[in-house]
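Take the sequence shown: its position 59, counting from 1, is numbered 95 in the working numbering, and each next residue is one higher. Even for Gly, the Cβ is constructed at its ideal location relative to N, Cα and C. None of these values were measured; they are calculated from a predicted model. Below: the structure, in structure tokens.
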Amino acid sequence: MAIARDNFGQIEGRAVPRFTLTNKVGLVARFIGYGATLTELHLPDRRGRLADIVLGFDRLEDYRASDAYMGATCGRYGNRIEKGRFALDGRTYQLSLNEKHNHAHGGVKGYDKQIWNGAVADDGETLIFTHRAPDGENGYPGTLDLQVAVALTEANELSIDMTATTDKPTIVNLVHHSYFNLAGQGSGDVLRQELRIASDSYTPVDRDLITTGEIAPVAGTAFDFTAFKPIGRDIERVPYPQGHAENAGGYDHNLVLRGRPGTMRRAVEARDPASGRAFDLETDEAGLQFYTAAELSAAVIGKGGRAYCRYGGFALETQKYPNSPNQPAFPQPRLDPGEIYRHRMRFRFYTV
């Protein structure tokens, strides 16, 4: 496995590094320091033909202008916090609001909009991104030191390991936000691609996509992916509360993963019957935000000048449950000094 480095542009005179990871089989992954973002992921189909299976842009300027979080590392708290408020040790914190009257993916200029330091580890096979988030940024308490370690193996496995430490009690929920299309980015919608998800329940939401605190079974609902199912089979049955229309007709919900959080286990199997491209996703997190990008349209021009479309990709965001700081029954995102936050993802790519 080899890692090459060049630059992807500059922001205010500061270079944004780009790293290309390649294994002997020919799988290629590219990351940039802006947002610790996965910008390209080239996989062969069953005939050996390569395609880039993640959505994104050719220019740094387009990543800066986009609010879609394509391929980025989001935080300090990925997903949504109701009204941007939470309480910790008897004190209420007010976060920045960037999704109507709520806080999403770390708020205004979250980690997806920051330049991370990037370097190749001494082993020559691991890419390390680091970033320091100051106390009070976007309203969060504590200085947070972050690291994202990326490795690609000769067995076609891509690992993304996120860690963080703090000097004050805080909350942390880092999220990787790639959009996948196994037929190739810009090739059309993903409705015929298939998923199997290790989940028997989900967390219902209100009209603002804020979790209600309920945990409901997936059986008999559009959220039942316990057996392989095309993404589009039940997409029109996804329930949204009255008054919410922005993403109606698509998935943007947290599924409760089987197994014990903190232990690695398989969360998702994804496959494209037409091309044969497939992957498994393992994680140690409690939940999975399954999102089908209903807001994408031909107005969004991606890599190679390709116009994207509604349902043009799907995101698999392993995570703590959304709004968990305000739902005591949910797994909690608290991090104290002396502790280490960890969130691991491992993709295994193959053909069927």
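Rounded C-alpha distance that separates E230 from D203: Taking the first residue of the sequence shown as position 1, residue 230 is located at position 194. Taking the first residue of the sequence shown as position 1, residue 203 is located at position 167. E230 and D203 have their C-alpha atoms roughly 43 Å apart.
Three-pair Cβ contact test at 8 Å for the segment 203 to 220 versus the segment 161 to 178: yes
Contact the segment 340 to 354 vs the segment 211 to 227: 3+ CB pairs below 8 Å: The segment 340 to 354 makes contact with the segment 211 to 227, as at least three CB pairs between them are under 8 Å.
N- and C-terminal bounds of the beta strand (DSSP E) containing A306: The residue labelled residue 306 in the question sits at position 270 within the sequence shown. From DSSP, the beta strand (DSSP E) with A306 extends over R301 to R307.
Touch test, the segment 129 to 141 against the segment 366 to 382, Cβ-Cβ under 8 Å, three pairs minimum: no
Nonlocal neighbours in the same chain, by C-beta distance under 6 Å from R273, ignoring five residues either side: Here residue 273 is taken as the residue at index 237 of the sequence shown, counted from 1. Closer than 6 Å at the Cβ level, and outside the excluded window around R273, lie A258.
R288, DSSP secondary structure in three states: As a first step, residue 288 is located in the sequence shown; it is residue number 252 there, counting from the start. Note on identity: in this sequence residue 288 is Asp, with Arg being the wrong assignment. Residue state, collapsed to three classes: strand.
Rounded separation between S311 and V388 - CA only: The residue given as residue 311 occupies position 275 in the sequence shown. The residue given as residue 388 occupies position 352 in the sequence shown. Rounded to the nearest angstrom, the two C-alpha atoms are 8 Å apart.
Of the listed residues M198, N217, L188 and L86, nearest to T109 (C-alpha basis): Along the sequence shown, one-based indexing puts residue 109 at 73. Answer by Cα proximity: M198.
Inter-residue CB distance, I196 and H213 (contact presumed, cutoff 8 Å): In the sequence shown, counting from the first residue as 1, residue 196 sits at position 160. In the sequence shown, counting from the first residue as 1, residue 213 sits at position 177. At roughly 11 Å, the Cβ-Cβ gap does not stay under 8 Å, so I196 and H213 are not in contact.
Y99 - containing beta strand (DSSP E), residue span: Counting from one through the sequence shown, the residue named residue 99 turns up at place 63. Element bounds for Y99: not the beta strand (DSSP E) but the alpha helix (DSSP H), L96 to A101.
For R382, the three-state DSSP class (helix, strand or coil): By 1-based counting over the sequence shown, the position of residue 382 is 346. The three-state reading of DSSP puts R382 in strand, counting E and B together.
Given F385 as reference, the closest of D81, G49 and L74 once Cα atoms are compared: To locate residue 385, count along the sequence shown from 1; it is residue 349. If we check each option's Cα against that of F385, D81 comes out closest.
The segment 139 to 148 contacting the segment 45 to 52, beta-carbon criterion three pairs below 8 Å: A contact between stretches requires three or more CB pairs, one per stretch, nearer than 8 Å, and the segment 139 to 148 fails this requirement with the segment 45 to 52.
Simplified DSSP state of K265, which is helix, strand or coil: In the sequence shown, the residue the question calls residue 265 occupies position 229. In the structure shown, K265 sits in a strand (DSSP, three-state: E or B).
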